[in-house]
Amino acid sequence: MIDAPRPDPHLWRRLMARKIAYWISTVLAATMLLFALSYLTGNPQVVDGFNHVGYPQHLRLVLGVAKPAAAIVLLLPGLPLLKEWAYTGVAIAWFMASIAHWQAGDGPRAFAPLVLLVLLIVSYLTRPPSRRLAVATAPA
């Protein structure tokens, strides 16, 4: 009987750790993005929050649609080009939210969007090949 080669246990652990890091960071980021549905309700606390940082109210509506849409794209299989756009758009939104909170004098609260941005970066860097955009190489 021929013994099949055994997979390297260290490689297997690294791959599993990567997969776990991907799913935890992606699900947490997507959950936070889904909370943006509250932007569409006209809740006075949300409206006041946008006013506080100097954002126009129409941006609240745009983000109320765009962030949950990005969450869905990040969680669905496939759609690599849309995923790139979702990662980029969310990264810009969270980075700009941090700046807006800082400029509004919110102090440490300005770092909350950066924590979310770190989650998003972990998700982006650990995503499996099936969720990456294939890069075409030019012929030599």
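Taking the numbering used here, the leading residue of the sequence shown gets 452, the next gets one more, and so forth. All C-beta atoms, glycine included, are put in the ideal place defined by N, C-alpha and C.
Query	Result
Short Cβ contact (7 Å threshold) for Glu535 with Leu479	no
Buried or exposed by the 16-neighbour rule on C-beta atoms within 10 Å, applied to Thr477	buried
With 16 other Cβ atoms within 10 Å as the buried cut-off, status of Ala522	buried
Endpoints, alpha helix (DSSP H) assigned at Leu526	508-526
Any 3 or more C-beta pairs closer than 8 Å across the region 466-473 and the region 552-572	no
Endpoints, alpha helix (DSSP H) assigned at Thr492	Looking at the DSSP string, Thr492 is not in any alpha helix (DSSP H), and its letter there is neither H nor E.
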